[in-house]
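Participant: Numbering (mature numbering (1 follows the signal peptide of the UniProt record, and there is no 0)), first residue to last: -18 to -1, 1 to 270. Beta carbons are placed, not taken as given, at the ideal position from N, Cα and C, and that holds for glycine.
(1) Indicate, with yes or no, if the ligand NAD has a heavy atom lying under 7 Å from the CB of residue 146.
(2) Counting only runs of 3+ residues fully inside the segment 45 to 96, write out the beta strand (DSSP E) ranges in chain order.
(3) Which residues in the same chain have their Cβ closer than 7 Å to the Cβ of residue 58, if we skip the five residues on either side of it in sequence?
(4) Can you name the start and end residues of the alpha helix (DSSP H) that residue 198 belongs to?
(5) Buried or exposed, going by whether 16 or more other CB atoms sit within 10 Å of the CB of residue 78?
(6) Go ahead and label residue 178 buried or exposed: buried means 16 or more other beta carbons lie within 10 angstroms of its beta carbon, across all protein chains shown.
(7) What span of residues does the alpha helix (DSSP H) with residue 243 cover, start to end?
(8) In chain order, what residues of the same chain have a beta carbon less than 6 Å from the beta carbon of residue 128, not counting five sequence neighbours either side?
(9) Under a CB-based cut-off of 8 Å, is residue 227 close to chain C?
(10) I need the straight-line Cα distance from residue 114 to residue 95, nearest angstrom please.
(11) Please report the straight-line C-alpha distance between residue 43 and residue 2, rounded to a whole angstrom.
(12) Once you ignore the five residues that flank residue 229 on each side, which residues in its own chain have a CB closer than 6 Å to its CB?
(13) Is residue 238 near residue 223, with beta carbons less than 8 Å apart?
(14) What's the C-alpha gap between residue 16 and residue 267?
(15) Using 10 angstroms around the beta-carbon of residue 164, count the other beta-carbons present and answer buried if the total reaches 16, otherwise exposed.
(16) Could you work out which residue in 68, 71, 97 is closest to residue 81 when comparing CA atoms only?
(17) Just to confirm the assignment, what range does the alpha helix (DSSP H) spanning residue 110 have?
(18) Going by CA-CA distance only, name the one from 236, 209, 152, 245 that's closest to residue 124.
(19) From this set, 225, 241, 235, 232, which residue's C-alpha is nearest residue 216's C-alpha?
(20) Who are the Cβ neighbours of residue 24 in its own chain at under 6 Å, not counting the five residues just before and after it?
(21) Pull up the distance between the alpha-carbon of residue 203 and that of residue 85, whole angstroms please.
(22) Mind checking which residues open and close the alpha helix (DSSP H) that includes residue 227?
(23) If you reduce the DSSP assignment to three classes, tell me which class residue 13 lands in.
(24) Which stretch, first to last residue, makes up the alpha helix (DSSP H) that contains residue 29?
(25) Could you check what DSSP says for residue 103 in three-state terms: helix, strand or coil?
(26) So, at 8 Å on beta carbons, what are the nonlocal neighbours of residue 167 in its own chain, with the 5 sequence-adjacent residues on each side left out?
(27) Where does residue 212 fall in DSSP's three states?
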């Protein structure tokens, strides 16, 4: 009996260690997927992780601190990279982990704001989204600042106010948030609360693109793609659309297809496009 007890106490820590290493591997791969705009890698590893913690009856309080932080980091990274879509299934499973110790975690506050804004795992409620963004922004989360700007920009749950949107974008941009830098560019491109200025828009987009932001790259391509912006330069448009396409931006892929179809910016390549493609209308596309 004594030997059995010793064996159990010897093997149990090893089993727990193996369990935690399994969780860590899934979460680290999910984070890498989010950062690389690889939706498949992100979603696959999050599903594996969710299945593993369900199998082991893990709750927010019993998940180790390291893996709990990796879990919320994976979700956060997916939310700030615009080409990763968190499924309803993943959002529902993540909700109780996001809510765990939320009062001390600005990132979790931001994520609650996004869930309310998008209506995932909770009923869509822009007032609640604004509340959580404000709380996260007060703790210094720059994506919460940016998304407050987006609420005012779109008039979601608040009166549309481009000046307020600009205030929040600039507050986040001053702290290095690339999404807000893109969004300030949008204000200048469309003349919202500021005088329309394509050169200034280009400056902001280029700054974000140089930081690796895919939407900054896409928007730069747009400035060279449309005939009412800068002087059309399909070679430059193609360059930026290709860079954005590699990061998974659908609108860049679509515009790149148009360039291939009509042989703009390089050799005409019919096999790389969908035939019958029309040049799309330029729209305000915000980073959030």
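Facilitator: Taking the coordinates as given:
(1) Among the components of this structure there are no ligands whatsoever, and the ligand NAD is therefore not found.
(2) The beta strand (DSSP E) runs lying completely inside the segment 45 to 96 and spanning 3 residues or more number zero.
(3) The beta carbon of residue 58 lies closer than 7 Å to those of 89, 93 in the same chain, with the five residues before and after it left out.
(4) Per DSSP, the unbroken alpha helix (DSSP H) holding residue 198 starts and ends at 196 to 207.
(5) Taking all protein chains in view, the Cβ of residue 78 is surrounded by fewer than 16 other Cβ atoms within 10 Å, so the residue is classified as exposed.
(6) Per the 10 Å Cβ criterion, exposed.
(7) That run of the alpha helix (DSSP H) goes 232 to 243.
(8) So the list reads 154, 159, 161, 162, once near-sequence residues are dropped.
(9) The chain labelled as chain C is not found in the depicted structure, where only one protein chain is given.
(10) Taking the straight line from one Cα to the other gives about 5 Å.
(11) For the pair residue 43 and residue 2, the Cα-to-Cα distance works out to about 14 Å.
(12) 19, 196.
(13) Yes, Cβ-Cβ distance for residue 238 and residue 223 is below 8 Å.
(14) Looking at the two C-alpha atoms, the distance is approximately 20 Å.
(15) Under this definition residue 164 is a buried residue.
(16) Each of 68, 71, 97 was checked against the Cα of residue 81, and the nearest Cα belongs to 97.
(17) Note, residue 110: alpha helix (DSSP H), 108 to 120.
(18) Looking at the Cα atoms, 152 is the closest of the given residues.
(19) Taking only the C-alpha atoms, the option nearest residue 216 is 241.
(20) For residue 24, the CB contacts under 6 Å within the same chain, skipping 5 residues up- and downstream, are 12, 15, 16, 60, 66 in chain order.
(21) Their Cα atoms are separated by approximately 41 Å.
(22) That run of the alpha helix (DSSP H) goes 216 to 228.
(23) Helix, per DSSP.
(24) It spans 21 to 37 - the alpha helix (DSSP H) in which residue 29 sits, taken as one unbroken run.
(25) Of the three classes helix, strand and coil, the one that applies to residue 103 here is coil, per DSSP.
(26) Result list for residue 167: 182, 183, 184, 185, 186, 187, 190, 198, 201, in chain order.
(27) DSSP places residue 212 in coil when its eight states are reduced to three.
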